[in-house]
Structure formats: C-alpha cells, structure tokens
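Asker: I'd like to ask some things about the structure below.
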Amino acid sequence: MKMNLVLELQDIPGQLVSVLSPISSLGTNLVTVIHKREDKNERGLIPVQITLEGEQNNLNAVISKLNEMQITILEVDGVILREKLTTILIGHVIDTNVKDTMDKINGLTGVSIVDFEVKLAGELESSAKLVVESDFGMKKKVLNKIQEIALEKNFLVVSEV
Amino acid sequence: MGFGAVGKGVAEAILLKNDFIKENYGFELNIVAVADSSGSAISKEGLDLKSLLEIKSKTGKVSNYPVYGTDIKDMDVLDNVEYDCLVEATPTNIETGEPAKSLTIKAFNDKKNVVTSNKGHLALFFKELMDESQKNNVQFKFEASVGGAMPIINFAEETLSSTDIESIIGILNGTTNYILSRMTSEGSSYENTLEESQQLGIAETDPTQDVEGIDAACKTVILANIILGIPCTYKDVYVEGISKITSESIELALKEGYLIKLIAEVSKNALEVSPRLVKKNSPYAVDGTLNMATLKTDLADEVTVIGKGAGSLETASAMLTDIINIYK
Ligand SMILES: NC(=O)c1ccc[n+]([C@@H]2O[C@H](COP(=O)([O-])OP(=O)(O)OC[C@H]3O[C@@H](n4cnc5c(N)ncnc54)[C@H](OP(=O)(O)O)[C@@H]3O)[C@@H](O)[C@H]2O)c1
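Residue numbers (UniProt numbering), protein chains in the order written: chain H, 1 to 161; chain S, 1 to 328.
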C-alpha cells in the first residue's frame, strides 16, 4: 500500500538522504519526492512531500522512526498532524515581560513556540515574529490566546489570512 | 454631480466611447447638466464635453461654461433639468453621507436611475438607499464604489450567478497597498513612505481615510450587503489601519515567507479590515496600487479578481459599464 507524507526539512543537500536511508532500510520503497521550494521560509525549512510504498507495519515503522529522528511530519495521507501559525506582534513586546508572553502560549497543551524573534523599532516599540506549532485543530485556540495576550498588553496582532 | 477626478473621467470616457456605445448598444449619451461645488452648467440640448473639460481645468469652475453656466447648486440642479440618470461622484463623506445621500434620494423620488462611485452614503445608509430605489422602481448601481475598475459587484452578481458566495477576502485600498509594497521593497519606514506617496499624489494630503482603513471598511460594508446579503453599516466593521506597521515587522514577516497587506475580510463570521500576513506566492501578493479580491464560492471554489482600484478613467470605466447595463 501507499502512504503520502509531508515532512518539514532543511533545504540543504544531504538532508533528504539522511531521512530517506532509514526509510529504505525499513522495507518500504520511495515512489516520489516533491520539494515545495516556493514555500521555503527564512530558517531554510521547506515542505517535502514523499510517497512511500510498503506493508502497513513497515509504513508505521517509518512514522515511528521519523518521530524518533525529530522530523516534523506535517501531513499523513492528506491528514494534517501539526499546524503552524505565524503572527507578528507590534507594541511594547519587550517591556511587557516576554517570558510571560511565551509561557502563556507554551502553556497550552500540544502547543509549542518554534521561533520567536524581536526587532526594536525606535525607543520602546518593537516588532516580534512568533511561530507556533500545534496539534491539528488547535490553531484557532492559539490565535485566541495570542489575541487575549495582545489585548492585555496592547499589541497589534498581524495574523495570517 | 461632482466634476473632480472621477466626474471628469466620466466625461472623457463618454467622449471616447459614445460612438462605440451607439454602435453596440443602440443608444447615445447626452450630458445635460454638470455640477461641481461652485455651480453648474445646464443645457437640455447637451453640453460640449470637450469645452467643459477645458473650462474646468482652466478656471476650476463649471459655472464658467459659456451661456449655460449658472450658479445653481446641489439639489436645485436636479430640479432645473430634464434627465434620465444621475451620475454621482461627489466626495465621500463618512460622517453624514452628504451631499450624495440627499441627491440620490431626490433622484429616486423623481424616478431617475442613479450610478455612483461614492461609498460614504452606502456605508452608512445602505438599506435605506436600496429600499428607496426599489420603492421608486429605479435602478441604483455602484460598481465603481468598490475597487474602481476591478470588477466585483457585477462580476459576483452576473458572472458567478450560479454560485453561493461565502466570503470575500481582498485588498480594497490602493494607497495603503502602495505604501506597504514600497515599505517591503525599500525597507523604508511608514512615515517616509507615506510622505513619498503624498508627493507622488498617490496618498492624499489628509491620508486618514486610506491609512486608517476607513475607505476599505466602507467597501467592506458595500460588499457585505450587496454580495453576501449581510445587513450592516460602517459601525459593524472592526477597523485597524496600517499606521502602526513598522519596517521591522515587514522584515520579520518576510523571513517566514509572508507579506503584510491591509486585508478586508467579508463573511458571516467577520467584517474586518486589518493588516494581515499573506503568503508571498499567493493571489494576495499583488503590489503597487492594485486591488484584488478572492471570492470563496460553493461551486467554483475560489475566484480571484485583480484590477486598478483608482484613477480617473479607470473608475469612470466602471460607471460607464453601469450606465450601459441600465440602458442597453
Ligand atoms: N479618485 C478615484 O480614483 C476614485 C475611485 C473610486 C471611487 N471614488 C469616489 O468617487 C467620488 C469622487 O472622487 P474624486 O476623486 O473625483 O473626488 P474629487 O476629485 O475631490 O471630486 C469631487 C467633486 O465633487 C464636487 N463637489 C463637492 N461638493 C459638491 C456638491 N455639493 N455638489 C456638486 N458637486 C460637489 C467637487 O467640486 P469642486 O471641483 O468645485 O471641488 C469635485 O468636482 C468620491 O466619493 C470617491 O470616494 C474615487
């Protein structure tokens, strides 16, 4: 049987091979690989779609192996596992206790901040980029949480369309 | 009524297209009165549009039109001329909707059709205006009021008539799209970019209506009412402009593959104008003064339109299309 996976990988030579070699040793065949380079982000991560063929047991073993290797699996057979949410916060991000802001978001179950970067603009105002990964279905909850914090700390939230 | 950028554009468009309209649709347009804030020119035989444009550009007043120039103003103009259709392009007023509202209702009561590019009165009194036009059994068209030359209202109603439109998400203000696009390409600050746009004549001396999202919010109200059938007015829209957007925030968004755009969202769940993140390669990634809108439909999935949201002839083109649709 066949299985489609969308992984998130570094777009550097060798990265794909290091992921694929354990796969082939688990008795599955690689059918196709599609790099979605148009969706590359600044951290050099791109979604890579791979199609595998093999026995159900072996396919399951591949998933376990990838989890063990800490590779982010975005989708299995079209089912989204992990969702990513990017937001930009504008305001007194630093002065209003960054740690508290991050703790509040990380405190949600199945949610983790994968990237946080602050840039100062002028004296006090700053802009922050916040990338959050969450279990499927949590996106709305995460956004609500961010908006709640923003209301309290007077940030402008720029969220995805 | 109104002989500024759009009003003059309509005159130019008619000069260019009258023969074409006659050939293809079998009627001719005759402009029997034109008014600006100072007065009017009224002639039941029809005004010469070329000299009218010349006089307006030389003296600033249509009342200087030879013989037929008068100091008759506002509502009185409508009482002093026999006409079929009011073409209304007076300034947008988001406090009272005037003078557009009174002019329009008077025309309806006199059983005249109205074509407008204005959005203030529509954003404040949509239902009242629609009710009045229906009560008087006249046509009321306002394609130009949303997105200038970008087809959207007629497009949704006529071209997508088999589908149910669930939401519209788009960029409905060209000035802010220009400012954000320049901030993105140049890495410049909001203040400097606004100043540059003012020098280029893209942003107005008082840019409030554009940069604070007011203009886009008016268009949100119009689309919500006419396309999605959501009864609402200006006060129902959550509005956040672009004046807080920093070059740093744009830079951070770019790192994740996003652009920041002033997005209008029109759906049962949200009536909102706010800066949002859009994917770099998505249909939302249009630059400069362009407008765009993605209509989410039940049968046709997503359909996107892009076009010039402003400009004299461009906006006039939408008004002329409305006129043709009424009389063809
Ligand atoms: N510009 C665009 O690209 C664009 C695009 C889409 C929609 N619109 C809408 O179209 C409308 C017109 O825009 P515009 O750019 O042409 O504005 P504009 O250049 O400021 O022109 C407004 C015109 O209205 C006249 N006016 C003011 N009060 C009047 C009154 N009481 N009676 C009769 N005329 C009056 C002005 O007279 P004076 O000449 O004496 O000042 C001027 O001729 C606005 O509602 C705007 O929001 C504009």
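Just so you know, even glycine gets a beta-carbon here, dropped at the ideal spot from N, CA and C.
Ignore the nearest five residues each way along the sequence and tell me which others in H:L143's own chain have a CB closer than 7 Å to its CB.
Answerer: Taken in chain order, the residues that qualify are L85, S159.
Asker: Once the 5 residues before and after H:I46 are set aside, which same chain residues still bring their CB inside 7 Å of it?
Answerer: Excluding sequence neighbours, H:I46 sits near L9, D11, H35, K36, R37, D39, K40.
Asker: For H:V131, would you say it is in contact with chain S, using Cβ-to-Cβ distances shorter than 8 Å as the test?
Answerer: Closer than 8 Å to some Cβ of chain S, the Cβ of H:V131 qualifies, so yes.
Asker: Of the choices S:G46, S:G39, S:D79, whose alpha-carbon is the least far from that of S:L15?
Answerer: Checked all of S:G46, S:G39, S:D79; the closest Cα to S:L15 is S:G46.
Asker: Just how far apart, CA to CA, sit S:V87 and S:N177?
Answerer: Straight-line Cα distance between these residues: approximately 28 Å.
Asker: So, with DSSP's three-state summary, where would you put H:D115?
Answerer: Three-state DSSP puts H:D115 in a strand.
Asker: Can you say whether S:F3 is buried or exposed, counting buried as having 16 or more other CB atoms within 10 angstroms of its CB?
Answerer: Per the 10 Å Cβ criterion, buried.
Asker: Using the beta-carbon of each residue, which ones in chain S are nearer than 7 Å to H:D39?
Answerer: Chain S residues near H:D39: G257.
Asker: Rounding to the nearest angstrom, what Cα-Cα distance links S:A149 and H:N106 in this structure?
Answerer: Their Cα atoms are separated by approximately 47 Å.
Asker: Following a CB-centred definition, is S:T315 positioned closer than 7 Å to any heavy atom of ligand 1?
Answerer: True, at least one ligand heavy atom lies under 7 Å from that Cβ.
Asker: Hey, which unbroken runs of the beta strand (DSSP E) at 3 residues or more fall wholly within the region 219 to 305 of chain S?
Answerer: 258 to 267, 271 to 279, 290 to 297, all fully within the region 219 to 305 of chain S.
Asker: Does the distance between the C-beta of S:V32 and the nearest non-hydrogen atom of ligand 1 fall short of 7 Å?
Answerer: Not under cutoff, so the answer is no.
Asker: Based on Cα-Cα distance, which residue from H:L156, H:L52, H:E83 lies nearest to H:M138?
Answerer: Here the closest residue by C-alpha is H:E83.
Asker: Less than 7 Å between the CB of S:A1 and some heavy atom of ligand 1, yes or no?
Answerer: Contrary to the premise, residue 1 of chain S reads as Met rather than Ala in this sequence. Checking the Cβ of S:M1 against ligand 1 gives yes.
Asker: Compare the C-beta of H:L66 against all C-beta atoms of chain S and say whether one is closer than 8 Å.
Answerer: Taking Cβ atoms only, chain S never reaches closer than 8 Å to H:L66, which makes this a no.
Asker: So does the region 181 to 197 of chain S actually touch the region 306 to 326 of chain S, counting three or more Cβ pairs closer than 8 Å?
Answerer: No, the region 181 to 197 of chain S does not touch the region 306 to 326 of chain S.
Asker: Check whether the Cβ atoms of S:T246 and S:Y190 lie closer than 8 Å to each other.
Answerer: Taking 8 Å as the Cβ cut-off, S:T246 and S:Y190 qualify as a contacting pair.
Asker: So S:Y83 and S:S43 are supposed to be a Cβ contact under 8 Å. How far apart are they, rounded?
Answerer: About 11 Å separates the two Cβ atoms, so there is no contact after all.
Asker: Out of S:I222, S:I94, S:E95, which one is the CA nearest neighbour of S:I168?
Answerer: Checking every option, the nearest Cα to that of S:I168 belongs to S:I222.
Asker: To the nearest angstrom, how far is it from the Cα of H:V6 to the Cα of H:L74?
Answerer: Each residue's alpha carbon lies about 5 Å from the other.
Asker: Assuming S:L277 and S:G213 make a contact with CB atoms under 8 Å, what is their CB distance in whole Å?
Answerer: Going by Cβ atoms, the distance from S:L277 to S:G213 rounds to 16 Å, so no, they are not a contact pair.
Asker: So what does H:P22 bridge to, in DSSP terms?
Answerer: Looking at the DSSP assignment, H:P22 forms no beta bridge with any residue, so it has no partner.
Asker: So the beta strand (DSSP E) S:G170 belongs to, where does it begin and stop?
Answerer: Note, S:G170: beta strand (DSSP E), 165 to 171.
Asker: Roughly how many whole angstroms lie between the Cα atoms of S:S117 and S:A100?
Answerer: If you take the alpha carbons of S:S117 and S:A100, they lie about 10 Å apart.
Asker: For H:P47, which beta-bridge partners are listed by DSSP?
Answerer: DSSP output for H:P47 lists H:E8 as bridge partner(s).
Asker: Please go through the region 45 to 91 of chain S and give each complete beta strand (DSSP E) segment of 3 or more residues, from N-terminal end onward.
Answerer: List check, beta strand (DSSP E) in window: 85 to 88.
Asker: Please name the residue in H:E148, H:M3, H:F136 whose C-alpha comes closest to that of H:V62.
Answerer: Nearest C-alpha to H:V62: H:M3.
Asker: Quick one: using the 10 Å Cβ neighbour count with 16 as the cut-off for buried, is S:Y25 buried or exposed?
Answerer: With fewer than 16 other Cβ atoms within 10 Å, it is exposed.
Asker: Anything in the region 82 to 101 of chain H with a Cβ closer than 7 Å to a Cβ of chain S? List those residues in chain order, please.
Answerer: Cβ contacts with chain S come from T86, I88, I90.
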